[in-house]
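Protein chains in written order, with the numbering used here: chain A, 1 to 375; chain B, 376 to 958.
Yeah, the Cβ is synthetic: ideal placement off N, Cα and C, and Gly gets one too.
None of the values given here were measured: they were computed from a predicted structure.
Just below is one structure, and these are the notes that go with it.
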Amino acid sequence: MLQIDSRQFAQEHDLYACIQCGKCTGGCPLALKTRLNPRMIIYRLLVAGNGFNLEGRDELWDCTTCSTCYSRCPKQVNPMEAIIALRSAIVEKGRVHPNVKTALESTFRHGNPLTMPREDRAKWVGDLPVKLMSDGAEMLYFVGCSPSYDPRVQQVARAIVRLFQQGGVDFGILAEEESCCGSEVRRLGEAGLFEMIAEENQELFKGYGIARMFTTSPHCFNAFKHDYPGNGLQVQHYTQVLADLVERRQIEFGRKFEKTVTYHDPCYLGKHNGVFDEPRVALRGIPGVKLVEMDRSRQKSLCCEGGGGRMWLEGTNPGTRLAQWRVQEALDTGAEILATACPFCLLTLEEAVKHLNVEDRLRVMDIAEIAAQAL
Amino acid sequence: MTFIPKIGVYICHCGINISATVDVRAVTEFAARLPGVMVARDYTYMCSDPGQALIKNDIQELGLNRVVVASCSPRMHEPTFRAAIAEVGLNPYCFEMANIREQCSWVHPNETATTLKAMQLVSSAVAKAARLEPLQVRQVSVTPAALVIGGGIAGLQAALDIAEAGFSVTLVERSSQLGGMVASLHRTFPSLQPVSELLNPLIERVANHPRIRLLLESEVVDVSGFVGNFQVQVRNRQSEKTLPVGAGAIVVATGFEVFDARRRPELGYGVYPQVITTLDFERLAASGQLGGNGAQPSSVVFIQCVGSRDRNLGNSYCSRTCCMVTARQAKLVREILPQAQVTVFYMDVRAYGKGFEEFYDSVRESGVLYRRGNPSEIIRQGDRLLVRAEDTLLGEAVQVEADLVVLAVGMMPRQEASAIAGLFKLSRSADGFFLEAHPKLRPVDTAIAGVYLAGCCQGPKDIAETVAQARAAAAAAMIPLMRGQVQVEAATAFVDEELCAGCGQCAQVCAFAALALHPVRGVMRVNPVLCQGCGACAVACPSGAINVHHFTFDQFMAQLEALAVDLPAPLALQAAEELTVEA
Chain A
1 MLQIDSRQFA QEHDLYACIQ CGKCTGGCPL ALKTRLNPRM IIYRLLVAGN
51 GFNLEGRDEL WDCTTCSTCY SRCPKQVNPM EAIIALRSAI VEKGRVHPNV
101 KTALESTFRH GNPLTMPRED RAKWVGDLPV KLMSDGAEML YFVGCSPSYD
151 PRVQQVARAI VRLFQQGGVD FGILAEEESC CGSEVRRLGE AGLFEMIAEE
201 NQELFKGYGI ARMFTTSPHC FNAFKHDYPG NGLQVQHYTQ VLADLVERRQ
251 IEFGRKFEKT VTYHDPCYLG KHNGVFDEPR VALRGIPGVK LVEMDRSRQK
301 SLCCEGGGGR MWLEGTNPGT RLAQWRVQEA LDTGAEILAT ACPFCLLTLE
351 EAVKHLNVED RLRVMDIAEI AAQAL
Chain B
376 MTFIPKIGVY ICHCGINISA TVDVRAVTEF AARLPGVMVA RDYTYMCSDP
426 GQALIKNDIQ ELGLNRVVVA SCSPRMHEPT FRAAIAEVGL NPYCFEMANI
476 REQCSWVHPN ETATTLKAMQ LVSSAVAKAA RLEPLQVRQV SVTPAALVIG
526 GGIAGLQAAL DIAEAGFSVT LVERSSQLGG MVASLHRTFP SLQPVSELLN
576 PLIERVANHP RIRLLLESEV VDVSGFVGNF QVQVRNRQSE KTLPVGAGAI
626 VVATGFEVFD ARRRPELGYG VYPQVITTLD FERLAASGQL GGNGAQPSSV
676 VFIQCVGSRD RNLGNSYCSR TCCMVTARQA KLVREILPQA QVTVFYMDVR
726 AYGKGFEEFY DSVRESGVLY RRGNPSEIIR QGDRLLVRAE DTLLGEAVQV
776 EADLVVLAVG MMPRQEASAI AGLFKLSRSA DGFFLEAHPK LRPVDTAIAG
826 VYLAGCCQGP KDIAETVAQA RAAAAAAMIP LMRGQVQVEA ATAFVDEELC
876 AGCGQCAQVC AFAALALHPV RGVMRVNPVL CQGCGACAVA CPSGAINVHH
926 FTFDQFMAQL EALAVDLPAP LALQAAEELT VEA
């Protein structure tokens with residue numbers, strides 16, 4: 001039995017404030033294709049009396065933690081955080097999906113969920129001259145797990161390095177010392193492991209006297225900004241740094257990128273943190289780029305289905321990946337490039353392009369890659 | 376000559392309300408021994424005629440100069456006893472009350488400690504009474520005219536009522552037209568009467584009234600004075616000339632503004648031409664453009680509560696009118712476009728008014744489909760729109776195609792409300808609307824005597840409620856106008872000019888604009904007519920230069936000291952032990 005004290009849970013998560021309007025479910029990108037119904041979960045918790053059984057509630061793993069539910073709620077209830085907490089209750093009882101278990105174990109042992117050895121973490125640098133934090137630098141570039149190990153996303157990290165070195169940003173990396181930020185660990189329900197990771201990372205940052213940092217991934221950005229308790233760190237997503245460089249004309253573009261580009265707002269940058277303008281400022285600042293918008297942009301952006309640990313497990317009803325709908329929406333704009341600014345979005349959208357067999361019509365690129373091509 | 380207090384103390388049983396838990400006899404005996412007390416008596420009902428006669432008789436027979444009654448809350452009977460002692464020639468401010476009912480007998484069990492507490496309260500009141508000073512209640516004459524701010528339906532109605540009663544009225548309106556928000560509506564609910572039929576005659580009567588002066592395109596830029604005699608500066612925006620207006624009473628009827636639907640960007644207002652607000656709908660309906668020309672919509676969706684009941688936007692309140700506005704509009708669509716599917720998405724339907732539920736019945740029966748759930752977003756689907764929601768009764772996420780979506784936008788406090796609030800020192804409730812003096816008993820008054828509220832500046836209302844409140848505000852405003860004189864509170868603040876440094880901190884905290892710097896002497900002066908005796912200035916004053924009559928520091932200190940020292944020792948000890956055991 002996976003019984004939880006539902007009354008206490010409802011109180012802790014302010015679920016009694018819910019008026020059952022259904023805005024969470026109406027906006028949920030998964031609700032149309034899986035059993036996930038955030039409003040119904042809240043309602044069931046409320047009417048369950050003192051005990052709610054989580055047995056068989058597999059749809060809890062469908063949530064991509066895109067935060068649409070929270071941003072729409074008129075009563076400031078956060079169904080997404082409630083779902084994460086329910087996952088924690090399941091994980092606490094040891095009921096973890098094998099894939100998830102592997103990812104969590106790998107994070108614990110190797111500092112990344114990708115089962116990659118720690119000593120390979122800085123291999124992506126190759127021949128690029130990158131400072132280490134131990135050499136002394138103004139800002140930390142927190143690279144993140146996918147950009148460190150995934151061959152496709154490594155290109156994004158390399159592009160960021162080239163751009164920012166050209167722009168005169170004084171930054172360093174932690175190389176093998178860098179460990180996972182714990183964002184996905186937390187969202188997969190491993191609250192204990194997340195706490196440990198956060199503590200270790202904060203120790204590490206403190207040791208180097210780090211005050212300012214930027215990240216490749218909106219997920220790391222969000223974790224440092226909101227999930228780490230009172231760290232006093234000034235965290236930026238790299239697109240914010242880039243937009244600033246572009247606006248101040250600190251980067252000299254030597255070439256033009258003459259393509260029609262549409263931009264996909266990553267959930268953890270847009271809906272979670274309200275960073276809608278900076279990526280667009282950066283894109284518009286690249287010579288030759290013609291930016292067009294999809295119907296679902298900014299607050300209405302459609303989740304790619306890569307968040308909330310969904311890189312490691314399928315939900316109850318895989319159906320058509322949301323990323324495939326998203327690619328179709330991008331094609332409808334007539335864009336040749338689907339730009340994004342998140343490693344997970346990059347991977348899921350690219351996979352969708354391959355799946356739909358439209359590689360000749362649409363290319364998925366990170367903003368950093370586009371900007372670096374125009375150097 | 377030194378003042379020698381001769382205090383009479385009267386302990387009330389209040390039937391058994393007090394005597395059931397307080398040993399009234401013991402309290403009376405205790406009171407008789409307090410310094411300055413000439414006589415102490417107890418009686419079943421002190422507020423009754425024989426009870427009052429007891430007090431009046433003692434004043435005359437024994438020459439009492441101060442009176443303490445220990446009974447209920449002063450809110451209940453202070454005026455009664457003040458009037459009683461005034462009848463036999465004692466100044467009404469020579470009276471003090473000890474609340475041994477609400478603050479003692481009602482809330483404590485029948486134990487020694489309860490009686491002890493009653494004794495402490497009496498002892499404290501006696502200590503204050505010995506230091507009370509007679510104060511003079513003053514009367515000032517009233518300017519027999521009113522100022523009404525706002526030319527919407529509330530301001531029009533209030534101005535008309537006051538003028539009809541024989542007083543002259545100045546009506547100030549910012550825009551160049553009368554009628555306010557109601558003028559932009561097409562029909563009313565639930566009667567479906569055209570708005571022009573009810574608004575135009577009202578405007579006409581106001582515009583042609585011999586005792587109403589209209590100041591259009593004008594706004595209030597300065598206010599001074601007090602109830603009975605306000606001096607208001609009104610500036611015309613065209614000529615930029617300022618006109619002084621005198622008024623005995625002021626009705627604020629500045630109305631509301633409509634929620635800007637772009638603040639919920641996921642609904643696509645301002646992006647999709649097919650998404651309109653209920654107000655846009657009124658214009659379309661009035662001009663006959665609904666499905667008149669071009670492609671007729673075959674699916675119309677109404678969305679309730681846009682910008683209302685939304686903590687995220689800081690608008691926690693219900694806008695009250697949208698449910699019925701939507702019902703009326705949905706019914707109109709059914710009539711004009713009988714082939715169209717009409718869907719209303721709602722959270723709760725609030726059909727609370729007279730005839731509203733019956734109207735809601737008729738709307739549903741006309742074929743309008745009510746679906747429970749509040750849409751989360753609207754996206755494009757070819758030439759049409761897709762409304763994404765959960766039908767919460769089905770428990771399913773749904774997508775409804777639509778050619779026209781109407782957002783029921785709520786009411787907001789006006790942007791300019793803060794300027795008006797600043798001028799008149801009006802309080803605002805958490806929702807930003809002006810705050811009434813009491814939600815139930817003083818719904819049209821403000822904390823400022825002589826300033827009244829009408830219409831949606833105080834909170835969302837429909838036309839009927841607005842008119843009702845406007846007429847109430849007019850009636851309230853006419854009380855000082857008809858009386859011709861106003862009494863001003865005697866328990867006001869006063870400044871010790873020896874101590875005052877003129878720093879002005881008192882003026883900053885004063886909610887009634889009663890403090891000003893004396894231009895020559897460099898010290899603060901209290902305008903005793905504006906002052907309401909709240910005491911905020913006395914607390915703020917860093918040099919202790921401000922006192923409030925009837926609540927001086929001396930009087931307070933004496934009260935506190937009495938609480939601390941005047942306990943009968945054995946009784947106190949015993950009670951303390953009991954309390955310890957209980958804890």
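Residue 571 of chain B - containing alpha helix (DSSP H), residue span: Numbered from 1 along the second sequence, position 196 holds the residue referred to as residue 571 of chain B. That run of the alpha helix (DSSP H) goes 570-582.
Inside the region 803-880 of chain B only - beta strand (DSSP E) runs reaching at least 3 residues: Taking only runs of at least 3 residues, the beta strand (DSSP E) segments lying wholly in the region 803-880 of chain B are 826-828, 860-863, 868-870.
Residue 474 of chain B in three-state terms, based on DSSP: Taking the first residue of the second sequence as position 1, residue 474 of chain B is located at position 99. In the structure shown, residue 474 of chain B sits in a strand (DSSP, three-state: E or B).
Neighbouring residues, chain A, relative to residue 718 of chain B (Cβ below 9 Å): Numbered from its first residue, the second sequence carries residue 718 of chain B at position 343. Close to residue 718 of chain B, with beta-carbon spacing below 9 Å, lies no residue of chain A; the smallest spacing is near 14 Å.
Option nearest residue 840 of chain B by Cα separation, candidates B:378, B:630, B:761: Along the second sequence, one-based indexing puts residue 840 of chain B at 465. Checked all of B:378, B:630, B:761; the closest Cα to residue 840 of chain B is B:630.
Of the residues A:260, A:259, A:274, the one placed nearest residue 266 of chain A, counting alpha carbons only: For the purposes of this step, residue 266 of chain A is taken as residue 266 along the first sequence, with counting starting at 1. If we check each option's Cα against that of residue 266 of chain A, A:274 comes out closest.
Cβ distance (whole Å) where residue 682 of chain B is taken to contact residue 636 of chain B below 8 Å: Here the question's residue 682 of chain B lines up with position 307 in the second sequence. Here the question's residue 636 of chain B lines up with position 261 in the second sequence. 7 Å between Cβ atoms; contact.
Residue 276 of chain A beta carbon less than 9 Å from that of residue 250 of chain A: Position 250 of the first sequence, counted from the first residue, corresponds to residue 250 of chain A. Position 276 of the first sequence, counted from the first residue, corresponds to residue 276 of chain A. The beta carbons of residue 250 of chain A and residue 276 of chain A sit no closer together than 9 Å.
Nonlocal neighbours in the same chain, by C-beta distance under 6 Å from residue 258 of chain A, ignoring five residues either side: Translated into the one-based positions of the first sequence, residue 258 of chain A becomes position 258. So the list reads 288, once near-sequence residues are dropped.
Interface positions of the region 152-168 of chain A facing chain B (Cβ-Cβ less than 7 Å), listed along the chain: Within the region 152-168 of chain A, no residue has a Cβ that lies closer than 7 Å to any Cβ of chain B.
Contacts around residue 674 of chain B, its chain only, beta-carbon distance under 6 Å, and the 5 residues preceding and following it disregarded: On the second sequence, position 299 is the one that residue 674 of chain B refers to. The answer, listed in chain order, is 716, 776, 777, 778.
Inter-residue spacing [alpha-carbon to alpha-carbon] between residue 753 of chain B and residue 606 of chain B: Taking the first residue of the second sequence as 1, we reach residue 753 of chain B at position 378. Taking the first residue of the second sequence as 1, we reach residue 606 of chain B at position 231. Approximately 52 Å, taken between the alpha carbons.
Of the residues B:713, B:888, B:499, B:834, the one placed nearest residue 911 of chain B, counting alpha carbons only: In the second sequence, the residue the question calls residue 911 of chain B occupies position 536. When C-alpha distances from residue 911 of chain B are compared across B:713, B:888, B:499, B:834, the shortest belongs to B:888.
Residue 813 of chain B burial status per 10 Å Cβ neighbour count (16 or more: buried): On the second sequence, residue 813 of chain B is found 438 positions in, with the first residue counted as 1. Classification for residue 813 of chain B: exposed.
Beta carbon of residue 867 of chain B nearer than 9 Å to that of residue 930 of chain B: By 1-based counting over the second sequence, the position of residue 867 of chain B is 492. By 1-based counting over the second sequence, the position of residue 930 of chain B is 555. No, they are not a contact pair.
Residue 379 of chain A at chain B interface by Cβ criterion, 9 Å: Residue 379 of chain A falls outside the range modelled here, since chain A spans only 1 to 375, and no answer is possible.
Contacts that residue 754 of chain B makes with chain A (C-beta to C-beta distance below 7 Å): The residue labelled residue 754 of chain B in the question sits at position 379 within the second sequence. 295, 296, 300, listed in chain order.
Cβ neighbours of residue 800 of chain B in the same chain (closer than 7 Å, five flanking residues each side left out): Within the second sequence, numbered from 1, the residue matching residue 800 of chain B stands at position 425. For residue 800 of chain B, where only same-chain residues beyond five positions count, the Cβ hits under 7 Å are 823, 886, 887, 888.
Test: residue 723 of chain B CB closer than 9 Å to a CB of chain A: Position 348 of the second sequence, counting from 1, holds the residue named residue 723 of chain B. Judged by the 9 Å Cβ criterion, residue 723 of chain B is in contact with chain A.
Residues of the region 24-56 of chain A with Cβ closer than 8 Å to any Cβ of chain B, in chain order: Listed by position along the chain: 24, 25, 26, 27, 28, 31, 32, 37, 39, 40.
3-residue-minimum beta strand (DSSP E) runs that sit fully inside the region 737-798 of chain B, ordered along the chain: Along the length of the region 737-798 of chain B, whole beta strand (DSSP E) runs at least 3 residues long occupy 744-747, 752-756, 759-766, 771-777, 779-784, 786-788, reported in chain order.
Collapsed DSSP secondary structure at residue 614 of chain B in the structure displayed: Here residue 614 of chain B refers to the residue found at position 239 of the second sequence. Residue state, collapsed to three classes: coil.
Residue of A:331, A:308, A:319 minimising C-alpha distance to residue 296 of chain A: The residue you call residue 296 of chain A lines up with position 296 of the first sequence. The candidate whose alpha carbon is nearest that of residue 296 of chain A is A:331.
Residue from B:703, B:693, B:618, B:782 with nearest C-alpha to residue 676 of chain B: As a first step, residue 676 of chain B must be located in the second sequence, where it is residue number 301. The residue with the shortest Cα to Cα distance from residue 676 of chain B is B:782.
Start and end residues, beta strand (DSSP E) containing residue 220 of chain A: The count along the first sequence starts at 1 and reaches residue 220 of chain A at position 220. Per DSSP, residue 220 of chain A is not a residue of any beta strand (DSSP E); the alpha helix (DSSP H) it occupies stretches across 218-222.
Contact list for residue 748 of chain B against chain A, beta-carbon separation under 7 Å: Taking the first residue of the second sequence as 1, we reach residue 748 of chain B at position 373. Neighbours of residue 748 of chain B in chain A, taken as residues whose beta carbon is under 7 Å from its own, are 21, 22, 26 in chain order.
Sequence-distant residues of the same chain with beta carbon closer than 6 Å to residue 633 of chain B, five excluded per side: Reading the second sequence from its first residue, position 258 is the one you call residue 633 of chain B. 654, 784.
Alpha helix (DSSP H) segments (min. 4 residues) lying fully within the region 407-476 of chain B: The qualifying runs are 424-437, 449-462.
DSSP-derived helix/strand/coil call for residue 291 of chain A: Your numbering for residue 291 of chain A matches position 291 in the first sequence. Strand at residue 291 of chain A.
Interface residues of chain B facing residue 380 of chain A [CB-CB closer than 8 Å]: Beyond the ends of chain A as shown, which are 1 and 375, falls residue 380 of chain A; an answer cannot be given.
Below-9 Å beta-carbon distance, residue 417 of chain B vs any chain A residue: Taking the first residue of the second sequence as position 1, residue 417 of chain B is located at position 42. No, residue 417 of chain B does not count as interfacial toward chain A.
Backbone secondary structure at residue 549 of chain B - three-state DSSP: Stepping through the second sequence from its first residue, residue 549 of chain B is reached at position 174. Secondary structure of residue 549 of chain B (DSSP, three-state): coil.
Chain A contacts from the region 684-695 of chain B (Cβ-Cβ distance under 7 Å): Of all residues in the region 684-695 of chain B, the ones placed with a Cβ closer than 7 Å to any Cβ belonging to chain A are 684, 685, 686, 687, in chain order.
Beta-carbon proximity of residue 702 of chain B to residue 726 of chain B, cut-off 9 Å: Here residue 702 of chain B refers to the residue found at position 327 of the second sequence. Here residue 726 of chain B refers to the residue found at position 351 of the second sequence. For residue 702 of chain B and residue 726 of chain B, yes; Cβs fall inside 9 Å.
Local conformation of residue 272 of chain A per DSSP, three classes: Position 272 of the first sequence, counting from 1, holds the residue named residue 272 of chain A. In this structure, residue 272 of chain A counts as coil in the three-state DSSP scheme.
Chain A within 9 Å of residue 948 of chain B, Cβ atoms only: Taking the first residue of the second sequence as position 1, residue 948 of chain B is located at position 573. Confidence at residue 948 of chain B is low in this model, with a pLDDT of 45, below 50, so its placement is unreliable and no value can be given for it.
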